[in-house]
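**Q** Numbering (this note's numbering), first residue to last: -6 to 124.
Ideal Cβ positions, reconstructed from N, Cα and C, are used throughout, including at glycine.
Following this message is one structure expressed as structure tokens.
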């Protein structure tokens, strides 16, 4: 569902930007001191202020998180069947395979496209399989 348009900012809202004046740097700060005291060698100087950040043209209320109405729902502790018992896959269907500590599991991409993440354990360790 799209976000309804917000009213455009008025001209007075668009032109309100802080005006920052840069401090003046004088020559006396840039000249080395004639005294032998080393504390005079590194006098601090004021850096010029950065110009105001230009407006990007993006309206914050128009930015979406990409999840829309159907956010991804993680697949937690999925149930598995032995490979010779699988009836819902064809020989050329793609799976994400993961093996660890002698245990192997296959996560069909036909299921992972919806969940995008499976929180599971393989070989006695917790894993997150992502697609």
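#1: Express the C-alpha separation of residue 91 and residue 64 in angstroms, rounding to a whole number.
#2: So residue 97 is in the beta strand (DSSP E); what residue range does that whole segment cover?
#3: If you follow the beta strand (DSSP E) that residue 93 is in, where does it begin and where does it stop?
#4: Can you find the residues in the same chain that come closer than 7 Å, C-beta to C-beta, to residue 69, ignoring five residues on each side of it along the sequence?
#5: Between which two residues does the beta strand (DSSP E) containing residue 115 stretch?
#6: Express the C-alpha separation of residue 122 and residue 107 in angstroms, rounding to a whole number.
#7: Tell me, which residues are paired with residue 123 by DSSP?
#8: How about residue 75 and residue 88: are their beta carbons less than 9 Å apart?
**A** Based on what the coordinates show:
#1: The sequence position of residue 64 within the chain shown is 71, counting from 1. The sequence position of residue 91 within the chain shown is 98, counting from 1. Looking at the two C-alpha atoms, the distance is approximately 25 Å.
#2: Here residue 97 is taken as the residue at index 104 of the chain shown, counted from 1. Element bounds for residue 97: 96 to 101.
#3: For this step, residue 93 is matched to residue 100 along the chain shown. Run containing residue 93: 88 to 93, per the beta strand (DSSP E) assignment.
#4: Residue 69 sits at position 76 when you count from the first residue of the chain shown. Only 112 meet the Cβ criterion.
#5: The residue given as residue 115 occupies position 122 in the chain shown. Where residue 115 is concerned, the enclosing beta strand (DSSP E) stretches over 110 to 115.
#6: Translated into the one-based positions of the chain shown, residue 107 becomes position 114. Translated into the one-based positions of the chain shown, residue 122 becomes position 129. The straight-line gap from Cα to Cα measures roughly 13 Å.
#7: By 1-based counting over the chain shown, the position of residue 123 is 130. According to DSSP, residue 123 bridges with 110.
#8: By one-based count along the chain shown, residue 75 stands at place 82. By one-based count along the chain shown, residue 88 stands at place 95. It is not a contact, given that the beta carbons lie outside the stated cut-off.
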